[in-house]
Amino acid sequence: MMREAARWGIYDYIVPLKLGAEQAFRLAVLQQLRGAPTMSRTATFSSPLRHVVSAQPQNLTVIGASTGGIMAVEQLVHALRPALPCTLLIAVHLPAHFAISFVKRLQRLTPLPVKIGTVGMPLEEGQIIIAPGGQNMVIKSVQRGPWRVWQIDLSSKPNLSADDPSIDVLMRSAAKVAGPQVLGIVLTGLGHDGTLGAQAIRAQGGRVIVQSQESAAVFSMPGSVIRAGYANDVLPLEQIAEVINQRATLPVPAVRFSPPLATVS
-12 MMREAARWGI YDYIVPLKLG AEQAFRLAVL QQLRGAPTMS RTATFSSPLR
38 HVVSAQPQNL TVIGASTGGI MAVEQLVHAL RPALPCTLLI AVHLPAHFAI
88 SFVKRLQRLT PLPVKIGTVG MPLEEGQIII APGGQNMVIK SVQRGPWRVW
138 QIDLSSKPNL SADDPSIDVL MRSAAKVAGP QVLGIVLTGL GHDGTLGAQA
188 IRAQGGRVIV QSQESAAVFS MPGSVIRAGY ANDVLPLEQI AEVINQRATL
238 PVPAVRFSPP LATVS
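Residue -4 in this note's numbering sits at position 9 of the sequence shown, with consecutive numbering throughout.
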């Protein structure tokens, strides 16, 4: 009877003096229907729902290595989880002809995509990009349609350390575009490449880790970063791999670090 009354628009009727719980509920529903607005079949929404898609990765991890770095990088890559919560950018001091074989070796160690950086290559979460030998790789922020995205660029300009690919150049470019979203890692190597890059990362609120002396084949590069005061952590290789795996849960520093001017020799 109630359905029939509602169909005909009749909401006022005689109610029994004593209502059970079910009857009281039905009455409340009908009272709500009295004031319910109707919607036209041709009604449109003034603000349609939109799905916002991130056009770039949330985090960048930049690794630099030199003497002894091939084996160190291979161990790190082999320890990475299949779901990498960042883009991994690697600069190792290598001649141009050796970079391709290095990439092939890394591809056999991980299911993650490993590629040599090329001009215009977009950065995507979960990929590993190797700087080509003999050139400096940098990160640029460019406009693509309605989004700003990060992509690879290459340069043959000389750098302060005279090493190609330059760790400093790559780290400084990453710090410029991604700020506190950058994790910089300086592994084994001779010289001081990576110190100025570490300075730039810390200045923008990022984090810097260097390989421990016990696990590094050559401690010159990590030691230079430590002496300059730019290292947040000094860790053995296996712990560095775990930090990379946990990038998605790492807190971002709340205050920017203002390091002193680096003096390297």
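Glycine included, each C-beta is placed from N, C-alpha and C at the ideal position. Computed from a prediction, not measured in an experiment: that's the story for all the values here.
Problem set entry | Contact set for V106: own chain, Cβ-Cβ below 7 Å, skip 5 residues either direction | I139, D140 and L141
For this session: Return the Cβ separation of V253 and V212 in integer angstroms, given the expectation that the two are a contact with Cβ distance under 8 Å.
Result: Residue coverage of the chain in this structure runs from -12 to 252, which leaves residue 253 outside it and unanswerable.
Problem set entry | Which of helix, strand or coil DSSP assigns to M253 | Past the boundaries of the shown model lies residue 253; the chain is included only from -12 to 252, so the question cannot be answered.
Exercise. Nearest to H179 by alpha carbon, out of A190, D150 and S202?
Worked result: D150
For this session: Identify which residue in P44, T54 and Q233 has its Cα closest to the Cα of W134.
Result: P44
For this session: Mind reading off the beta-carbon distance from L63 to L224? Whole number of angstroms is fine, and I expect it under 8 Å.
Result: 7 Å
For this session: Specify whether the stretch 101 to 120 and the stretch 76 to 83 touch according to this definition: at least 3 beta carbon pairs, one from each stretch, less than 8 Å apart.
Result: yes
Problem set entry | Residues that DSSP places opposite R135 in a beta bridge | Q130
For this session: Please list, in chain order, all residues of the same chain as P109 whose beta carbon is under 6 Å from its beta carbon, the five residues on each side excluded.
Result: V136 and Q138
Exercise. Going straight from the alpha carbon of V205 to that of G132, what length do you get?
Worked result: 46 Å
Exercise. Roughly how many whole angstroms lie between the Cα atoms of I227 and Q198?
Worked result: 8 Å
Problem set entry | Whole-angstrom distance between S143 and H48, CA atom to CA atom | Sequence check: residue 48 is Thr here, not His. Between T48 and S143, the C-alpha separation is close to 23 Å.
Exercise. Applying the criterion that 16 or more other CB atoms from any shown protein chain within 10 Å of the CB defines a buried residue, is F32 buried or exposed?
Worked result: Reliability of the predicted coordinates at F32 is poor, the pLDDT of 40 falling under 50, and the value obtained from them is presented with this limitation in mind. Its Cβ having fewer than 16 others within 10 Å, F32 is exposed.
Problem set entry | Bridge partner(s) assigned by DSSP for P109 | Q138
Problem set entry | DSSP-derived helix/strand/coil call for G55 | coil
Exercise. Roughly how far, in whole angstroms, is the beta-carbon of G193 from the beta-carbon of G166, given that I think they are within contact range, below 8 Å?
Worked result: 7 Å
For this session: From the DSSP output, in three-state form, read off R214 for me.
Result: helix
Exercise. With 16 as the cutoff for other CB atoms within 10 Å, does P69 come out buried or exposed?
Worked result: exposed
Exercise. Of the choices G104, G55 and M158, whose alpha-carbon is the least far from that of G121?
Worked result: G104
Exercise. Can you list, in chain order, the stretches of the beta strand (DSSP E) that have 3 or more residues and sit fully within the stretch 63 to 99?
Worked result: 74 to 79
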